[in-house]
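S.K.: Right, I'll just put the structure down here and ask away after.
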Amino acid sequence: MFTGIIEELGTVRETHLYGGGSRIVVSASIVINGTVDGDSISVNGVCLTALDVQPAGFSADVSQETLDHSTLGKLKAGSRVNLERAVTPSTRLGGHMV
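Just so you know, we're using the working numbering here: the sequence shown kicks off at 470 and counts up by one.
Following this line, the structure appears as structure tokens:
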């Protein structure tokens with residue numbers, strides 16, 4: 470679950486197409502703090518599983534279905550993306566409740 474409050478603007482460093490989808494590599498510094506492989510990160514509002522988490526960012530696989538039905542299919546190197554970590558029991562819930 471996500472609050473919808475963007476924590477950071479990341480930058481797509483690379484995209485790699487493969488059979489059935491793509492892998493994106495994203496530069497980030499805030500959302501990777503405390504993030505480990507397998508955690509969820511929202512990229513432009515799409516929940517993705519963080520892979521290969523490094524101090525400078527992370528990778529994520531994107532299915533063809535997601536590429537076809539979201540803005541993630543238009544991403545290329547240099548694209549800026551909204552990033553947010555999934556909520557935890559201690560996450561502050563700011564903004565507006567809908």
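Yeah, the Cβ is synthetic: ideal placement off N, Cα and C, and Gly gets one too.
Can you give me the start and stop residues for the beta strand (DSSP E) that Glu553 sits inside?
M.R.: Note, Glu553: beta strand (DSSP E), Arg549 to Arg554.
S.K.: Beta-carbon within less than 7 Å of Ile499's beta-carbon, same chain only, minus the 5 sequence neighbours each way: which residues are those?
M.R.: Here the set comprises Glu476 and Glu477.
S.K.: Comparing the CB of Ala519 with every heavy atom of the ligand GDP, is any distance shorter than 6 Å?
M.R.: In the structure shown, the ligand GDP is absent, as is every other ligand, since no ligand is present at all.
S.K.: State the CB to CB distance for the pair Gly526 and Ile510, rounded to an integer number of angstroms; the pair is presumed to be in contact (CB under 8 Å).
M.R.: Contact flag wrong, Cβ pair sits at about 10 Å.
S.K.: At which residue ranges does the region 506 to 537 contain complete beta strand (DSSP E) runs of 3 or more residues, listed in the order of the chain?
M.R.: For the region 506 to 537, whole beta strand (DSSP E) runs of length 3 or above, ordered along the chain, are 509 to 512, 515 to 518, 520 to 523 and 526 to 532.
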